[in-house]
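Chains as they are written, first to last, in the numbering used here: chain A, 1 to 113; chain B, 1 to 217. Idealized CB from N, CA, C, for every residue including glycine.
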């Protein structure tokens, strides 16, 4: 959802980071995107190629590390992927809590020249 | 030779910075800001109306919709003044757009600000808009699997309102399954069962808001 403003912001942050180091062209942007962030990773490169034209990020490749949201079993401590069917622990059937991951959305690093 | 440059910056950092400024500004005016989330038709506007009528406290309202001023007009008929934001396509409100709308309001006395977000259980949960509390509105008519399908909204909520309880006899709603999902994701947020239409349970929401205001502002 809403790839346009988010992509524009990624370009702004990446371009700014490059400029600070006196680099003029961004060649790679490494993103960390949690599945809960709502940003459709598969569409990101497609929108990015369009929106980055004319910016220091034009032609940059995107490396996207996806993070799946997980739950932690309150009984046995197992960490398991959050799926929509059930929040019960697949090992012992116990109740669980969010592990705290899955909604990350940040630029980890860029490569620039 | 390509240089690796560490960034470690959230894509939402600028938004969150503006959100923090709004939050602090409103606090300085004695205003508790509530971000009201829910699917289209959940009864966000009706609930806001119902709460304001019972609260007996100065209320401010910002309505967020893609198009139209239907909600503002509806509130206006009840004597409630509201500012309309039309996003013309954006699926959620963000901090800059809300900050701009707030510049049209004179916060002359302490009270509660309701910002009704775009009807959507996905994107609005991702962005802060300057609120001190997130109120998530669900209905018994939407089915009991919403926590499982939209976990982020439930994790972010400070209070959860289950609306349209007057219709329970007519729908299949597995309250236990619903609550199990809610409790896994969010052990702390109270769940209030209400009918904005009849007023049932709305008093509890009002009390929660007043307490939240006392503890936050």
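Residue closest to residue i, alpha-carbon to alpha-carbon, out of the options
i	options	result
residue 16 of chain B	B:6, B:80, B:67, B:94	B:94
residue 134 of chain B	B:154, B:144, B:162	B:154
residue 113 of chain A	A:24, A:68, A:70, A:9	A:24
residue 152 of chain B	A:109, A:107, A:100, A:108	A:100
residue 79 of chain B	B:60, B:85, B:92	B:60
residue 82 of chain A	B:118, B:150, B:188	B:150
residue 126 of chain B	B:99, B:104, B:157, B:100	B:157
residue 100 of chain B	B:207, B:129, B:122	B:129
residue 71 of chain A	A:10, A:111, A:3, A:36	A:36
residue 56 of chain A	A:63, A:64, A:17	A:17
residue 209 of chain B	B:146, B:124, B:161, B:10	B:161
residue 103 of chain A	A:69, A:74, A:92, A:89	A:69
residue 14 of chain A	A:97, A:60, A:87, A:96	A:60
residue 45 of chain B	B:148, B:169, B:136, B:22	B:136
residue 187 of chain B	A:89, A:98, A:49, A:46	A:98
Chain B contact for residue i (CB, 8 Å cutoff)
i	result
residue 129 of chain A	With chain A covering 1 to 113 only, the question about residue 129 of chain A has no answer from this structure.
residue 67 of chain A	no
residue 27 of chain A	yes
residue 137 of chain A	Absent from the model: residue 137 of chain A. The displayed extent of chain A is 1 to 113, so no value can be given.
residue 36 of chain A	yes
residue 58 of chain A	no
residue 81 of chain A	no
residue 98 of chain A	yes
residue 44 of chain A	no
residue 13 of chain A	yes
residue 93 of chain A	no
Segment limits, alpha helix (DSSP H) that includes residue i
i	result
residue 194 of chain B	No alpha helix (DSSP H) holds residue 194 of chain B; DSSP gives it neither H nor E.
residue 3 of chain A	3 to 20
residue 217 of chain B	Per DSSP, residue 217 of chain B belongs to no alpha helix (DSSP H) and is neither H nor E.
residue 290 of chain B	Past the boundaries of the shown model lies residue 290 of chain B; chain B is included only from 1 to 217, so the question cannot be answered.
residue 74 of chain B	70 to 77
residue 185 of chain B	175 to 185
Distance between residue j and residue i (C-alpha atoms, nearest Å)
i	j	result
residue 50 of chain B	residue 33 of chain A	39 Å
residue 195 of chain B	residue 181 of chain B	22 Å
residue 106 of chain B	residue 205 of chain B	25 Å
residue 35 of chain B	residue 2 of chain B	44 Å
residue 38 of chain B	residue 108 of chain B	29 Å
residue 29 of chain B	residue 142 of chain B	37 Å
residue 7 of chain A	residue 62 of chain B	27 Å
residue 115 of chain B	residue 216 of chain B	17 Å
residue 22 of chain A	residue 53 of chain A	20 Å
residue 4 of chain A	residue 76 of chain A	42 Å
residue 200 of chain B	residue 189 of chain B	20 Å
residue 139 of chain B	residue 167 of chain B	9 Å
residue 25 of chain B	residue 30 of chain A	35 Å
residue 92 of chain A	residue 84 of chain A	18 Å
Opening and closing residue of the beta strand (DSSP E) in which residue i lies
i	result
residue 80 of chain A	79 to 81
residue 7 of chain B	3 to 10
residue 111 of chain A	105 to 112
residue 97 of chain A	96 to 98
CB contact check: residue i to chain E, cutoff 8 Å
i	result
residue 64 of chain A	In the structure shown, chain E cannot be found, because the protein chains are A and B.
C-beta neighbour in chain A for residue i, strict 8 Å
i	result
residue 106 of chain B	no
residue 218 of chain B	For chain B, the structure presents residues 1 to 217; residue 218 of chain B sits outside this window and is missing.
residue 2 of chain B	yes
residue 90 of chain B	yes
residue 14 of chain B	yes
residue 202 of chain B	no
Alpha helix (DSSP H) segments (min. 4 residues) lying fully within the stretch 32 to 60 of chain B: Counting only runs of at least 4 residues, the stretch 32 to 60 of chain B fully encloses the following alpha helix (DSSP H) elements, listed from N- to C-terminal order: 44 to 55.
Complete alpha helix (DSSP H) runs within the stretch 86 to 171 of chain B (minimum length 4 residues, chain order): If you keep only unbroken alpha helix (DSSP H) runs of at least 4 residues inside the stretch 86 to 171 of chain B, you get 95 to 102, 146 to 149, 151 to 156.
Segments assigned beta strand (DSSP E), at least 3 residues, entirely inside the stretch 23 to 83 of chain A: With a minimum length of 3 residues, the continuous beta strand (DSSP E) runs that stay inside the stretch 23 to 83 of chain A are 26 to 34, 61 to 67, 70 to 73, 79 to 81.
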